[in-house]
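Protein sequence lines correspond, in order, to chains A and B. Each step along the first sequence adds one to the number in the working numbering, with nothing skipped, and position 93 is 93. Each step along the second sequence adds one to the number in the working numbering, with nothing skipped, and position 312 is 1312. Quick notes on the structure that follows.
2 protein chains.
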Amino acid sequence: MSSTVAILGAGGFLGTNLALRLAGTVGELRCFGRRQAFPTAWQGLNWTRGEVSGAEVRQVLAGCDTVIHLASTSTPATADRRIADDAQSNVIDTLELLDQCVELGVGRIVFISSGGTVYGPCDQIPTPESTPTNPITAYGVAKLAIEKYLAVYRHQHGLDYRILRVANPFGPYQTAYKGQGVIAAVMASALHDTSLQIWGDGGVVRDYVYVNDVVEAIIKTIGHTGDSRVFNIGSGIGHDVLQVVRAVEKLSGKTLQLEFRPARPVDVPVSILDSSLATRELGWRCATSFEAGLTITLEWARAFEAKQACQL
Amino acid sequence: MSSTVAILGAGGFLGTNLALRLAGTVGELRCFGRRQAFPTAWQGLNWTRGEVSGAEVRQVLAGCDTVIHLASTSTPATADRRIADDAQSNVIDTLELLDQCVELGVGRIVFISSGGTVYGPCDQIPTPESTPTNPITAYGVAKLAIEKYLAVYRHQHGLDYRILRVANPFGPYQTAYKGQGVIAAVMASALHDTSLQIWGDGGVVRDYVYVNDVVEAIIKTIGHTGDSRVFNIGSGIGHDVLQVVRAVEKLSGKTLQLEFRPARPVDVPVSILDSSLATRELGWRCATSFEAGLTITLEWARAFEAKQACQL
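Written out as structure tokens, the structure reads:
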């Protein structure tokens, strides 16, 4: 691909993986974000530091064919604490961004939405894209509102878009520190021999999808020409928290100490996505098994911890 | 009803009709808004002037059983001009309002959404509430986002709500000056002998519902105890713009001069609501025929014009 691609919110878990994979495969890659969670991964990559709402983003957008929007200021657990602030910094800031994209002639936005929260509790499992969207968290509503605004910008301004409703991604460069990433949290407990907090009885079921598969899905949307614009990206397989714990225990040889806490109202009991539309339209499928993904991720986490220890 | 009810955005078309109908039938009625479009209608009613985002709203909310939220800063035609500003002044301000409602122990919010814009273009006509919501205007997305946030506030904070997706209301106290209200605009042309601008070929079909019927629907939601929380409120009958013109011409004895303008991207071709859920759950039905509603509205408009002329 000879196109110019920008990644907004590039410094985080998904962004770091995406940038490393895209580097050298597109005409020009521009990475933009508040901070690099893993600065050593970024050597040689084009990086601009800034906020989506700030002035610096303009030069990143100018002349872009595709803008991949991963920037988010919140997690499902934090968004509900101050809903208005969350909407301000995610929805409103994205609208200002879209205005600039229209003005600067950006061709396409690829927006990473949340397959785990936009549907809310639903009867149809695995859940296809046509399922009614009734989020129970502000995080899910903000993602959904941005999805709906994207359709308005396309309708009125011709700004094309693709939306990926990603399930629960996991893999290298995910950390447990932001309250995100069950697998990262479980692995951190195993590696640090610390107890693991579990919200509820450990029966909350999620669709864990390996980050490389998510990255491949994003890449497939860059040049997609079909009529569908909203795609689920998940493995289609559910694991509850205790299954994740047992799998990590088996791989690590550790026995984790579990601390059960009250269930959280933000957690739907089961979230498993039906991604068959992405298979049909994008030619995408989840290629990495849960077990294979866990093995690679644990290897990465061990190496990362070892490197951190060397630097101390 | 001995409850305390507040109307936010009370000074406009719907609010004026609702306040006049509710006065004396509830324990305490508090009306709140930026301005009274028809000051003479408000004698003897409890009125507080202010913005939903301002400090004055707090005293209006305190101790309320039900808050009827009609306040809006935009119309389907204006919202798209500055989408971020529209979202700011409608969505964000409503979230700040909901935070105050939670804090002050308000029992229920009744939110007036937009049956004509939240669905977008759809195949199922008349359209039931279960139809996918794909707005093509920022106005529709903002209404939908508020709907979805209301569900989150209920889930997390127990703030109950009802949502009425109202079709195209018409009747007394609607004016043609804000770019809203096809019927008001057609009547103004007939009474002032001015030409009528029509966007497109006059074939855009809308579901016109007489304002008294909308007011009755709102009242029925105040004490509703069923599980459904989102209701369409429309007549279930469609009229295109040229049919409205012919009907007003017949009633007024005038022949209107029509100016056809290019169609607007914000207008879906057909919007007709299926309100059978409101009939089943609220015991509501549209009681006023299109023709009867038009007759009363034209009488009101004539009397209003005559009064205005006397005051000149």
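Heads up, the beta-carbon is just placed ideally off N, CA and C, and yes, glycines get one too.
By the neighbour-count definition (other C-beta atoms within 10 Å, threshold 16), C1286(B) is a buried residue. Around the beta carbon of R30(A), 16 or more other beta carbons lie within 10 angstroms, which makes this residue buried. Against chain B, the beta carbon of K148(A) has neighbours under 7 Å at P1135, V1141, L1144, listed in chain order. The three-state secondary structure of W284(A), taken from DSSP, is coil. From the listed residues V1266(B), T1297(B), R1108(B), the smallest Cα separation to Y1119(B) is found for V1266(B). Residue pairing by DSSP places C31(A) opposite I7(A), W47(A) in a beta bridge. For D80(A), the closest Cβ of chain B is nearer than 9 Å. A217(A) places its beta carbon 9 Å or farther from that of A138(A).
Using beta-carbon distances, Y1119(B) does not count as an interface residue toward chain A, since no partner is under 9 Å.
Distance from the Cα of A1176(B) is smallest, within the candidate group N1134(B), M1187(B), P1169(B), for M1187(B).
Annotation: R1229(B) to Q308(A) spans about 53 Å, alpha carbon to alpha carbon. With 16 or more neighbouring CB atoms inside 10 Å of its own CB, G1115(B) falls in the buried class. Its Cα nearest to that of E1305(B), the residue S1189(B) stands out among W1047(B), L1022(B), E1103(B), S1189(B).
When DSSP reads this structure, E259(A) sits in a beta bridge with Q197(A). Shown here, N168(A) sits in a strand according to DSSP, grouped into three states. DSSP, reduced to helix, strand and coil, places R82(A) within a helical segment of the structure shown.
In this structure, the straight-line span from the alpha carbon of T221(A) to that of R1162(B) is close to 38 Å.
For the stretch 204-278 of chain A, the full-length beta strand (DSSP E) segments reaching 3 residues or more read 208-210, 230-233, 258-261 along the chain.
With distances taken between CA atoms, W284(A) lies nearest to V209(A) out of Q243(A), P269(A), V209(A), R264(A). Using a Cβ-Cβ cut-off of 9 Å, H239(A) is close to nothing in chain B; its nearest Cβ partner there is about 25 Å away.
Annotation for G1015(B): I1007, G1009, L1070 place their beta carbon closer than 6 Å to its own, counting only its chain and skipping 5 residues before and after. Under DSSP, I163(A) forms a beta bridge with F111(A), V230(A).
Only V1152, H1155, Q1156 from the stretch 1152-1186 of chain B bring a Cβ to less than 7 Å from some Cβ of chain A. I68(A): not part of any alpha helix (DSSP H); member of the beta strand (DSSP E) spanning 66-69, first to last residue. Cβ-Cβ separation between L104(A) and A62(A): approximately 5 Å, consistent with a contact (criterion under 8 Å).
Close to chain B, meaning a Cβ-Cβ distance shorter than 8 Å, are the following residues of the stretch 82-101 of chain A: I83, A84, A87, Q88, V91, I92, L95, E96, L98, D99. Fewer than three pairs of CB atoms, one per stretch, sit closer than 8 Å, so the stretch 65-83 of chain A makes no contact with the stretch 39-49 of chain A. By the C-beta density criterion, C1101(B) is buried, having at least 16 other C-beta atoms within 10 angstroms.
In this structure, T75(A) keeps its C-beta atom at 9 Å or more from the C-beta atom of N90(A).
Burial state of D1193(B) is exposed, judged by a 10 Å Cβ sphere holding fewer than 16 other Cβ atoms.
Note that the C-beta distance between W1199(B) and A1247(B) is not below 9 Å. Restricting attention to F111(A), L251(A), D80(A), A84(A), the CA atom closest to the CA of G293(A) is found in L251(A). Setting aside the 5 residues that flank it on each side, R261(A) is surrounded in the same chain by Q197, I198, W199, each with a C-beta closer than 7 Å to its C-beta; the list follows chain order. In this structure, the alpha-carbon of K1143(B) lies about 32 Å from that of V205(A).
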